[in-house]
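K.L.:
Counting from 131, one number per residue, gives the positions in the sequence shown under the numbering used here. Ideal Cβ positions, reconstructed from N, Cα and C, are used throughout, including at glycine.
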Amino acid sequence: MPDVWIGFTSEDRRRYWWRNAFLTLALAGVVMVMLLTEHEPARWWLAGGLGILATVLFVATVDLIRGSTLLTARGLEFRTFVSRRVIPWSEVAGIEVRERVVRSGVRCDLRVIRVRGRPLTVPGTAAVRAKDAELERKHAALQEYWSRAVGG
131 MPDVWIGFTS
141 EDRRRYWWRN
151 AFLTLALAGV
161 VMVMLLTEHE
171 PARWWLAGGL
181 GILATVLFVA
191 TVDLIRGSTL
201 LTARGLEFRT
211 FVSRRVIPWS
221 EVAGIEVRER
231 VVRSGVRCDL
241 RVIRVRGRPL
251 TVPGTAAVRA
261 KDAELERKHA
271 ALQEYWSRAV
281 GG
(Lines of atoms letter the chains of each structure in order from A and count residues from 1; the text may use other names and numbers.)
(Lines give C-alpha, C1' and ligand atoms only; values in the text may rest on other atoms or scores of the structure.)
Protein backbone atom coordinates (compact mmCIF):
# COMPACT_ATOMS: atom_id res chain seq x y z
CA MET A 1 0.00 0.00 0.00
CA PRO A 2 1.43 3.38 -0.91
CA ASP A 3 1.39 6.11 1.72
CA VAL A 4 -1.49 8.60 1.35
CA TRP A 5 -1.72 12.17 2.67
CA ILE A 6 -5.00 13.49 4.05
CA GLY A 7 -5.30 17.23 4.44
CA PHE A 8 -7.08 20.33 3.22
CA THR A 9 -7.21 21.28 -0.42
CA SER A 10 -5.44 24.47 -1.46
CA GLU A 11 -8.83 26.19 -1.83
CA ASP A 12 -9.86 25.24 1.71
CA ARG A 13 -6.50 26.38 3.10
CA ARG A 14 -6.80 29.73 1.33
CA ARG A 15 -10.34 30.21 2.68
CA TYR A 16 -9.23 29.40 6.26
CA TRP A 17 -6.20 31.72 5.96
CA TRP A 18 -8.45 34.62 4.93
CA ARG A 19 -10.84 33.92 7.82
CA ASN A 20 -7.92 33.71 10.23
CA ALA A 21 -6.44 36.97 8.94
CA PHE A 22 -9.78 38.78 9.25
CA LEU A 23 -10.39 37.51 12.80
CA THR A 24 -6.85 38.33 13.89
CA LEU A 25 -6.99 41.85 12.46
CA ALA A 26 -10.39 42.47 14.05
CA LEU A 27 -9.16 41.37 17.49
CA ALA A 28 -5.93 43.34 17.08
CA GLY A 29 -8.00 46.43 16.21
CA VAL A 30 -10.14 46.01 19.32
CA VAL A 31 -7.04 45.60 21.50
CA MET A 32 -5.42 48.70 19.96
CA VAL A 33 -8.55 50.79 20.50
CA MET A 34 -8.71 49.63 24.11
CA LEU A 35 -5.04 50.42 24.67
CA LEU A 36 -5.30 53.87 23.12
CA THR A 37 -8.54 54.91 24.84
CA GLU A 38 -8.17 53.31 28.26
CA HIS A 39 -6.35 55.53 30.73
CA GLU A 40 -7.11 53.65 33.91
CA PRO A 41 -4.21 51.28 34.74
CA ALA A 42 -6.45 48.74 36.45
CA ARG A 43 -8.25 47.97 33.17
CA TRP A 44 -5.17 47.20 31.08
CA TRP A 45 -5.53 43.54 32.05
CA LEU A 46 -8.59 43.34 29.78
CA ALA A 47 -6.63 44.50 26.74
CA GLY A 48 -3.84 42.10 27.65
CA GLY A 49 -6.32 39.26 28.06
CA LEU A 50 -7.81 39.98 24.64
CA GLY A 51 -4.30 40.07 23.16
CA ILE A 52 -3.53 36.67 24.65
CA LEU A 53 -6.88 35.32 23.41
CA ALA A 54 -6.12 36.63 19.89
CA THR A 55 -2.72 34.92 19.95
CA VAL A 56 -4.19 31.61 21.11
CA LEU A 57 -6.92 31.74 18.46
CA PHE A 58 -4.36 32.55 15.77
CA VAL A 59 -2.10 29.62 16.72
CA ALA A 60 -5.07 27.23 17.01
CA THR A 61 -6.33 28.20 13.56
CA VAL A 62 -2.86 27.86 12.02
CA ASP A 63 -2.64 24.44 13.68
CA LEU A 64 -5.97 23.50 12.08
CA ILE A 65 -4.98 24.80 8.64
CA ARG A 66 -1.53 23.18 8.60
CA GLY A 67 -2.73 19.85 10.00
CA SER A 68 -2.46 16.74 7.86
CA THR A 69 -2.37 12.99 8.30
CA LEU A 70 -0.15 10.42 6.61
CA LEU A 71 -1.71 6.98 6.20
CA THR A 72 0.94 4.25 6.18
CA ALA A 73 0.97 0.49 6.56
CA ARG A 74 2.18 1.01 10.16
CA GLY A 75 -0.48 3.50 11.22
CA LEU A 76 -1.56 7.12 11.17
CA GLU A 77 0.95 9.94 11.43
CA PHE A 78 -0.68 13.16 12.64
CA ARG A 79 1.27 16.27 11.70
CA THR A 80 0.21 19.71 12.86
CA PHE A 81 1.91 23.06 13.30
CA VAL A 82 2.77 22.33 16.94
CA SER A 83 2.98 18.53 17.20
CA ARG A 84 3.70 15.16 15.59
CA ARG A 85 2.05 11.93 16.67
CA VAL A 86 1.98 8.33 15.44
CA ILE A 87 -1.00 6.06 16.13
CA PRO A 88 -0.37 2.38 15.22
CA TRP A 89 -3.30 0.60 13.56
CA SER A 90 -3.34 -1.86 16.48
CA GLU A 91 -4.48 1.00 18.76
CA VAL A 92 -7.41 1.96 16.50
CA ALA A 93 -10.80 0.57 17.54
CA GLY A 94 -12.85 2.57 15.04
CA ILE A 95 -13.18 5.66 12.88
CA GLU A 96 -16.21 7.91 13.17
CA VAL A 97 -17.61 11.08 11.66
CA ARG A 98 -18.35 13.63 14.37
CA GLU A 99 -21.01 16.23 13.62
CA ARG A 100 -21.50 19.28 15.84
CA VAL A 101 -24.29 21.78 15.42
CA VAL A 102 -23.02 25.33 15.80
CA ARG A 103 -24.59 28.70 15.17
CA SER A 104 -23.51 28.91 11.55
CA GLY A 105 -24.48 25.33 10.65
CA VAL A 106 -22.94 21.90 11.06
CA ARG A 107 -19.22 21.25 11.62
CA CYS A 108 -17.91 17.78 10.84
CA ASP A 109 -14.59 16.04 11.30
CA LEU A 110 -13.18 12.53 11.57
CA ARG A 111 -12.15 10.97 14.86
CA VAL A 112 -10.06 7.92 15.61
CA ILE A 113 -11.51 5.85 18.44
CA ARG A 114 -8.63 4.19 20.27
CA VAL A 115 -8.61 0.89 22.15
CA ARG A 116 -7.27 2.71 25.21
CA GLY A 117 -7.38 6.44 25.69
CA ARG A 118 -9.55 9.24 24.45
CA PRO A 119 -10.66 9.64 20.83
CA LEU A 120 -8.44 11.84 18.66
CA THR A 121 -9.52 14.22 15.92
CA VAL A 122 -7.78 13.47 12.63
CA PRO A 123 -5.91 16.59 11.40
CA GLY A 124 -6.93 17.90 8.00
CA THR A 125 -10.47 16.55 8.07
CA ALA A 126 -12.65 19.45 9.26
CA ALA A 127 -15.66 20.31 7.08
CA VAL A 128 -18.25 23.06 7.38
CA ARG A 129 -21.18 21.07 6.03
CA ALA A 130 -22.69 17.64 6.49
CA LYS A 131 -22.38 15.15 3.62
CA ASP A 132 -19.20 16.80 2.32
CA ALA A 133 -17.78 14.78 -0.61
CA GLU A 134 -14.16 15.52 0.38
CA LEU A 135 -14.79 14.42 3.97
CA GLU A 136 -16.45 11.21 2.75
CA ARG A 137 -13.44 10.51 0.51
CA LYS A 138 -11.08 10.95 3.47
CA HIS A 139 -13.28 8.73 5.63
CA ALA A 140 -13.29 6.00 2.97
CA ALA A 141 -9.47 6.16 2.68
CA LEU A 142 -9.08 5.87 6.46
CA GLN A 143 -11.50 2.93 6.62
CA GLU A 144 -9.72 1.16 3.74
CA TYR A 145 -6.26 1.54 5.29
CA TRP A 146 -7.52 0.47 8.69
CA SER A 147 -9.32 -2.63 7.35
CA ARG A 148 -6.24 -3.66 5.33
CA ALA A 149 -3.95 -3.16 8.33
CA VAL A 150 -6.05 -5.26 10.72
CA GLY A 151 -6.64 -7.90 8.04
CA GLY A 152 -10.39 -7.46 7.76
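Within the same chain, show all residues whose beta-carbon is closer than 7 Å to that of V280, passing over the 5 residues directly before and after it, in chain order.
P.N.:
Counting only Cβ-Cβ distances below 7 Å, and skipping sequence neighbours, we find W219.
K.L.:
Compare the C-alpha of V232 against each of S140, G159, A260 and name the closest.
P.N.:
Of S140, G159, A260, the residue nearest in Cα terms is A260.
K.L.:
A263 and D239: beta carbons closer than 7 Å?
P.N.:
No; because the gap between Cβ atoms is not below 7 Å, this pair is not in contact.
K.L.:
First and last residue of the alpha helix (DSSP H) that includes S213?
P.N.:
It is not in any alpha helix (DSSP H) - S213 carries neither H nor E in the DSSP assignment.
K.L.:
Use the C-beta contact count for I225: other C-beta atoms within 10 angstroms, 16 or more gives buried, fewer gives exposed.
P.N.:
I225 should be labelled buried.
K.L.:
When you compare the region 156 to 173 with the region 263 to 272, are there three or more beta-carbon pairs, one atom per stretch, that lie closer than 8 Å?
P.N.:
The answer is no - the region 263 to 272 does not touch the region 156 to 173, with fewer than three Cβ pairs under 8 Å.
K.L.:
For T202 versus D133, is the C-beta spacing smaller than 7 Å?
P.N.:
For T202 and D133, yes; Cβs fall inside 7 Å.
K.L.:
Could you tell me the boundaries of the beta strand (DSSP E) in which V199 lies?
P.N.:
Reading off the sequence, residue 199 comes out as Thr, not Val. Where T199 is concerned, the enclosing beta strand (DSSP E) stretches over 198 to 201.
K.L.:
Give me, in chain order, the residues of the same chain whose beta-carbon lies closer than 6 Å to that of R237; leave out the 5 immediate sequence neighbours on both sides.
P.N.:
For R237, where only same-chain residues beyond five positions count, the Cβ hits under 6 Å are R230.
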